[in-house]
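Peer 1: Residue numbers (the numbering used here): 1 to 203. I'd like to ask you about the structure that follows.
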């Protein structure tokens, strides 16, 4: 069995247009930038020297870091995570130094928008302030499916590569809080192009 353990720097071109428009309409000078960054790790298992079925399969997981937008008395931070099952077909299994692989992934992703509001009144518990800060979490969960193409260069025990893919958000795109949909919230789809720069080990 061949094993690949890879770390990745990802650029995610997800659709933040409606969210940024809502920020602009609310008077914020800044917006969340696209693409947003995520950092991931992949563990993949494949048939040794290609085998009869030249494939890799495994898991991919990581964290989103979408930045922060700061207003006069409230700030919003965008972050999240993903975890996916991944499958690749190795078109160049007979050539050890390069793997060109179309692939498919199915997984769960979640964006989280953390709002922190400042108040001059400490411990205004009736209005949600503990100390001088009221923190509210909004989440946007999604089941996603990805089509991908990756090229990995294998240099002994080290492998480096580049991946391009497109993800499809299969879930409702509204935000949620306390497990309930927020009617009228800015629809935020996790569909979009992604790019990944990968570095790791090949056994």
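The beta-carbon is built from N, C-alpha and C at its ideal position, and this holds for glycine as well.
In its own chain, which residues sit with a C-beta less than 6 Å from the C-beta of residue 127, not counting the 5 before and 5 after it?
Peer 2: none
Peer 1: Going by DSSP, what residues sit across from residue 89 in a beta bridge?
Peer 2: 55
Peer 1: Just the Cα atoms here: how many angstroms apart are residue 187 and residue 163?
Peer 2: Those two C-alpha atoms are separated by around 27 Å.
Peer 1: Nearest-angstrom Cα distance between residue 8 and residue 124?
Peer 2: In this model, residue 8 and residue 124 are separated by some 43 Å (Cα to Cα).
Peer 1: Between which two residues does the beta strand (DSSP E) holding residue 169 run?
Peer 2: 158-169
Peer 1: Taking all protein chains shown into account, do 16 or more other C-beta atoms lie within 10 angstroms of the C-beta of residue 25, making it buried, or fewer, making it exposed?
Peer 2: So residue 25 ends up on the exposed side.
Peer 1: For residue 86, is the classification buried or exposed, using 16 other Cβ atoms within 10 angstroms of its Cβ as the cut-off for buried?
Peer 2: buried
Peer 1: Taking the alpha helix (DSSP H) that residue 25 belongs to, which residues open and close that run?
Peer 2: 17-25
Peer 1: Rounded C-beta distance between residue 196 and residue 15? I'm assuming under 8 Å.
Peer 2: The pair is not a contact, with the Cβ atoms about 19 Å apart (cut-off 8 Å).
Peer 1: For residue 38, tell me which candidate among 17, 63, 93, 47 has the shortest Cα-Cα distance.
Peer 2: 63
Peer 1: Less than 8 Å between the CB atoms is what I'm expecting for residue 203 and residue 3, so what's the real figure, rounded?
Peer 2: 4 Å
Peer 1: Taking 6 Å as the limit between beta carbons, can you name the residues of its chain near residue 114, skipping five residues before and five after?
Peer 2: 77, 137
Peer 1: Taking the alpha carbon of residue 189 as the reference point, which residue from 177, 171, 178 has its own alpha carbon closest?
Peer 2: 171
Peer 1: Identify the continuous beta strand (DSSP E) that holds residue 115 and give its terminal residues.
Peer 2: 98-118
Peer 1: Assuming residue 56 and residue 40 make a contact with CB atoms under 8 Å, what is their CB distance in whole Å?
Peer 2: Contact between residue 56 and residue 40 is ruled out by a C-beta separation of about 16 Å, above the 8 Å threshold.
Peer 1: If residue 23 and residue 69 are in contact, beta carbons under 8 Å, what's the gap, nearest whole angstrom?
Peer 2: 6 Å
Peer 1: Going by other Cβ atoms of all chains shown within 10 Å of its Cβ, with 16 needed for buried, is residue 19 buried or exposed?
Peer 2: Residue burial is scored here from C-beta neighbours: residue 19 has at least 16 other C-beta atoms within 10 angstroms and is therefore classed as buried.
Peer 1: In this structure, how does DSSP classify residue 206 when only helix, strand and coil are distinguished?
Peer 2: Since the displayed the chain opens at 1 and closes at 203, residue 206 lies outside it and no answer follows.
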